[in-house]
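Trainee: According to the numbering used here, the residues represented by the sequence shown are 11 to 807, in order. Where is the CB? At the ideal position from N, CA and C, for every residue including glycine. The structure under discussion is supplied below as structure tokens; questions concerning it will follow.
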Amino acid sequence: MSVPRSAPPKKSDTETARPRWRGWLWRGALLALGLALGVGVPVLWMFDKQVRSEFDQLAWQVPTRVYARPLRLAPGLRLDAATLELELAASGYRKDGSGDLPGTYARNGGRFHIGTRAYTDLDGVVPAQRLEVDLAGGKVARLADRRAARALESARIDPSRIATLYGGNVQEERRLVQLKEVPTLFVAGLQAVEDRNFKDHHGIDPWGMTRAMWVNVREGELEQGASTLTQQLVRSLFLTREKRFSRKFKEIAYSLIIEARYDKRRIMEAYLNQVYLGQQGNQSIHGVAAASEFWFGRELASLSTQDMALLVGMIQGPSIHDPRRKPEAAKARRDLVLSVWQQLGLIDAAEAKRAKAAPLGVTARPGVARNRNPAFMDLVRRQLARDYPADALRGAGLSVLTTLSPSAQLLSEQAVSGTLAKVQRKDGPSLQSGMVVTDTHTGEVLAMVGNRATDQPGFNRALEAQRPVGSLLKPMVYLLALAQPNRWSLATPVDDSPVNVTLPNGKSWNPGNSDGRSHGTVSLVDALAQSYNQATVRVGMDVGPERLAELLKVLAGLRAPANPSLILGSVDLSPFAMAQVYQFLASGGEIQPLRAVRGVIDPQGKAINRYDFEAEPAKEGDAIAARLVTLALQDAVSRGTGRSLLSDGLGSLNIAGKTGTSNDSRDSWFAGYTGDHLAVVWVGNDKNEPTGLYGATGAMRVWSALFTKLPSAPLNVGAAGLEWGWVDAAQFATTEENCEGARRYAFVAGYLPPEHVSCVDRSWLDWFRFGGDDGQQERRDRRDEERRERRDEERRE
11 MSVPRSAPPK KSDTETARPR WRGWLWRGAL LALGLALGVG VPVLWMFDKQ
61 VRSEFDQLAW QVPTRVYARP LRLAPGLRLD AATLELELAA SGYRKDGSGD
111 LPGTYARNGG RFHIGTRAYT DLDGVVPAQR LEVDLAGGKV ARLADRRAAR
161 ALESARIDPS RIATLYGGNV QEERRLVQLK EVPTLFVAGL QAVEDRNFKD
211 HHGIDPWGMT RAMWVNVREG ELEQGASTLT QQLVRSLFLT REKRFSRKFK
261 EIAYSLIIEA RYDKRRIMEA YLNQVYLGQQ GNQSIHGVAA ASEFWFGREL
311 ASLSTQDMAL LVGMIQGPSI HDPRRKPEAA KARRDLVLSV WQQLGLIDAA
361 EAKRAKAAPL GVTARPGVAR NRNPAFMDLV RRQLARDYPA DALRGAGLSV
411 LTTLSPSAQL LSEQAVSGTL AKVQRKDGPS LQSGMVVTDT HTGEVLAMVG
461 NRATDQPGFN RALEAQRPVG SLLKPMVYLL ALAQPNRWSL ATPVDDSPVN
511 VTLPNGKSWN PGNSDGRSHG TVSLVDALAQ SYNQATVRVG MDVGPERLAE
561 LLKVLAGLRA PANPSLILGS VDLSPFAMAQ VYQFLASGGE IQPLRAVRGV
611 IDPQGKAINR YDFEAEPAKE GDAIAARLVT LALQDAVSRG TGRSLLSDGL
661 GSLNIAGKTG TSNDSRDSWF AGYTGDHLAV VWVGNDKNEP TGLYGATGAM
711 RVWSALFTKL PSAPLNVGAA GLEWGWVDAA QFATTEENCE GARRYAFVAG
761 YLPPEHVSCV DRSWLDWFRF GGDDGQQERR DRRDEERRER RDEERRE
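If you want it as structure tokens, here you go:
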């Protein structure tokens, strides 16, 4: 009997599952590898292409910056200590007690030590200097270079930034720097705190992250960063803020690609220009250079050890360590950074102790200016419009160099706001003002105010408000008359009795004087100084309204109707237009277009547009007539409608000025100039309501408030082409100084009155000197006859 074969032993479930599990594992590994090769490689290729495309062409949109004029210093220049400090403050200078570092100064009475910054002007780079400036008697008494220990003939202080013209991305403020421009301590200190292995890793640093985590746990706070600088740059440039695994994968991938493609210098430079370091409203501050200006109001190169430590510490969290809002947190973080730098030997113990004891040093307000002077910027845009379309300037990285004087602008704003608050009546209409201040030598606009709320944009009354100018136009009438020396002089008698003018439509025009009285026969200079309407109309009708209209066109490009009423200023003009007209007088007879822009510099520092202007020398006749009108306007201040300026303590400036008031006191005007400055002021109401103010009680008050503080040279009228003589006004004849009623007048040389009257019987003296009267009388008669013949000949011409 056969024994049946036993069946083979059955495999257990475990033995059966193990090979199946291994198979699935193997298949999964192959699938993962396939996916990695099939998806990962294309993804990495795509990432690499994106990095190369964007990083190779990395070009941030940099705003165009607008700068004031640099402050020129020279011995003899009118300047006081208060004004110099205004200029330094506007340019972000810090008072540190030594004035050795760029962007700092020290003051001891009237002596200043100033460390100027290097900057680029139209003629190239202006190097930094260490200046000593001595002020005395309202002037620069001495100017010296402290490094070279030598006197200087002149020097310039770098200009303040007054506005920023952004491009499409108005939410980012940035100022590009090259790595070589960043202080060595800043770069080394940044790596010490944020990425110590930056020079050695390839985009990610596992060991560095582990060490940072350990140090931070041990110290109880974030002392070292856990991401490399490359990873931080990637997050800022390429990624959103979402927290997902895919985002971390992209961050690592991008970092590895960037490190493989670019050297460390390129990566560090990109980081320094991209890092986020603050917020101003909806505008973010990117880059260490913009942050230096934003927090300290200074250039990056001028930062001290503690300043750099504060910025490096803020990278961890600008809002958490905001030195303006959270100074205690900011100081704690800064001091921690200083301790790290000391431990690593970047600074010694003494420097660390000094830096920790120093205040935070940030400015009270952000140092980045978007538009400090909206009225002036309106003029800048207008004058650039012919060369640059509106969008061409925004975000172009250009530097626009203007003529604005920060001290004159600030003092003008204070004069407007302070004076209007004083003269504003409780029951009166709300007052507004427009003001233009120029340089009498060059025609450069130094300041402009277009609104009582001086920092608010909107309707610019200095440029756009067209209001009746009234008596402000009268000096131009007398200018035309005095350009005819054979017919008119300051001593010429003028009839100020009621006047009747027949208009082209047959109607009569009978203007009266503002005081409601007639003054009989007056000299021409008094008619202007006292602003007599009736006398002015007679002079104006003699020279012709059409000539006055033509003069306005020549001086300011204005088109005014040649009506008789134009003689008394019945034309609507802006303060800027009137400043252009008065510039002719203030400059001594030169036609100087008012200018707000000096030039434009490209991002590389090359001047691409210059707006230099050299006025042609004044024609002799124009210059002499302008001098005579200026003398009359000085009389208007010393004896006429502007005499209250003397009681304000401004008599030493020898001011020439003219008030103006429109009907019903709706508009108050004053135009006045000194040896250095011209200012035209309008005060009124936007609804054209009566203000109750005259030129002397409104606009002239603003003018006085400005020149009480603005350093300016006295106005000295040149004597070229003039001769002076004592005149008997009643007979319009020369006379002796000691005769009753004698008054001294300036004449165009050779045009003194031909007649002579004397209050002294000289016959006995002449007989004693010359043996009789015949010779002396004969010479006098011959001289008078020559004068009469010359006048008759000129009249015929």
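(1) So, for L111: in the same chain, excluding its five sequence neighbours on each side, which residues have a beta-carbon less than 6 Å away from its beta-carbon?
(2) Alpha carbon to alpha carbon, how far is V372 from A91?
(3) Per DSSP, S409 is paired with what?
(4) Between the C-alpha atoms of F386 and R121, what's the straight-line distance to the nearest angstrom?
(5) Taking the beta strand (DSSP E) that D645 falls in, what are its first and last residues?
(6) Quick one: what does DSSP say D345 is sitting in, helix, strand or coil?
(7) Return helix, strand or coil for P503, following the three-state DSSP convention.
(8) Which of helix, strand or coil does DSSP assign to G781?
(9) Per DSSP, Q442 forms a beta bridge with which residues?
(10) Where does E807 sit, in a helix, a strand or coil, going by DSSP?
(11) Going by beta carbon distance, what residues of the same chain come within less than 6 Å of P591, once the five residues before and after it are set aside?
(12) Counting only the same chain and skipping the five closest in sequence on each side, list residues whose C-beta sits under 6 Å from that of T429.
(13) Helix, strand or coil: which one does DSSP assign to F742?
(14) Pull up the distance between the alpha-carbon of G705 and that of A173, whole angstroms please.
(15) Across which residues does DSSP place P478 in a beta bridge pair?
(16) With a cut-off of 8 Å on the beta carbons, I'd call A739 and R753 a contact; round off their distance for me.
(17) Can you check which of these residues, L421, F469, Q466 and N470, is closest to S447 by C-alpha distance?
(18) On the premise that R471 lies in contact with S427, defined as a C-beta separation below 8 Å, what is that separation, rounded to the nearest angstrom?
(19) Starting from the C-beta of L500, find all residues in its chain whose C-beta is less than 8 Å away, skip the five residues before and the five after it, and write them out in chain order.
(20) Determine the direct distance from the alpha carbon of S648 to that of S657, and round the result to whole angstroms.
(21) Report buried or exposed for D815, applying the criterion of at least 16 other Cβ atoms within 10 angstroms of its Cβ.
(22) What does a CB cutoff of less than 7 Å around G438 pick up in its chain, not counting 5 residues either side in sequence?
(23) According to DSSP, is L232 part of a helix, a strand, or is it coil?
(24) Which whole runs of the alpha helix (DSSP H) in the stretch 293-360 are 4 residues long or more, in chain order?
(25) Where does Y264 fall in DSSP's three states?
(26) Only counting the same chain, and skipping five residues up and downstream in sequence, which positions put a Cβ closer than 7 Å to that of E231?
(27) To the nearest angstrom, how far is the alpha carbon of M318 from that of F623?
(28) Using a Cβ-Cβ cut-off of 8 Å (strictly less than) and excluding sequence neighbours within five positions of K629, which residues of its own chain qualify?
(29) CB-CB under 8 Å to G323, same chain, minus the five flanking residues each way: which ones, in chain order?
(30) Does the contact criterion of 3 or more C-beta pairs under 8 Å hold for the stretch 598-618 versus the stretch 516-523?
(31) Alpha carbon to alpha carbon, how far is Q188 from A368?
(32) Which residues in the same chain as L775 place their Cβ atom closer than 8 Å to its Cβ, once the five residues preceding and following it in sequence are excluded?
(33) Beta-carbon within less than 7 Å of I634's beta-carbon, same chain only, minus the 5 sequence neighbours each way: which residues are those?
(34) Take L45 and list the residues in its own chain whose beta-carbon comes closer than 6 Å to its own, dropping the five residues that flank it on each side.
(35) Which partner residues of W519 appear in the DSSP bridge assignment?
(36) Alpha carbon to alpha carbon, how far is A475 from S584?
Mentor: This is what the structure holds:
(1) G125 and S312
(2) 24 Å
(3) R75 and I611
(4) 32 Å
(5) Careful: D645 lies outside any beta strand (DSSP E), inside the alpha helix (DSSP H) at E630 to S648.
(6) helix
(7) strand
(8) Interpretation of G781 is limited by its pLDDT of 48, a score under 50 that renders its predicted location unreliable; no figure is taken from the coordinates.
(9) G694
(10) Low local confidence applies: a pLDDT of 42 at E807 is under 50, so the model's placement there is unreliable, with the coordinate-based value given in what follows. Coil.
(11) The question names Pro, but residue 591 in the sequence shown is Val. For V591, where only same-chain residues beyond five positions count, the Cβ hits under 6 Å are L565 and A566.
(12) R711, V712 and A715
(13) coil
(14) 33 Å
(15) D582
(16) 6 Å
(17) The displayed chain sequence assigns Val, not Ser, to residue 447. The shortest C-alpha separation from V447 is found at L421.
(18) With a Cβ gap of about 14 Å, S427 and R471 do not count as contacting.
(19) L492, S533, L534, V535, L638, L641, A642, Y755, A756 and F757
(20) 10 Å
(21) Residue 815 falls outside the range modelled here, since the chain spans only 11 to 807, and no answer is possible.
(22) T701 and G702
(23) Per-residue confidence for L232 stands at a pLDDT of 44, beneath the threshold of 50, marking its modelled position as unreliable; no derived number is given.
(24) 298-306, 315-324 and 337-353
(25) helix
(26) Here the model assigns E231 a pLDDT of 49, short of 50, so the residue's position is not dependable, and the following value carries that caveat. For E231, where only same-chain residues beyond five positions count, there are no Cβ hits under 7 Å.
(27) 43 Å
(28) G599
(29) V203, H331, A340, R343, R344, L346 and V347
(30) no
(31) 29 Å
(32) Low confidence applies to L775: its pLDDT is 43, below 50, so where it sits in the model is not reliable, and the reading given next is rough at best. The answer is none, since no qualifying residue turns up.
(33) G731, L732 and V758
(34) Residue placement at L45 is flagged as unreliable, the pLDDT there being 49, under the threshold of 50; the coordinate-derived value follows with that caveat. Closer than 6 Å at Cβ, skipping near neighbours: no residue.
(35) V511
(36) 5 Å
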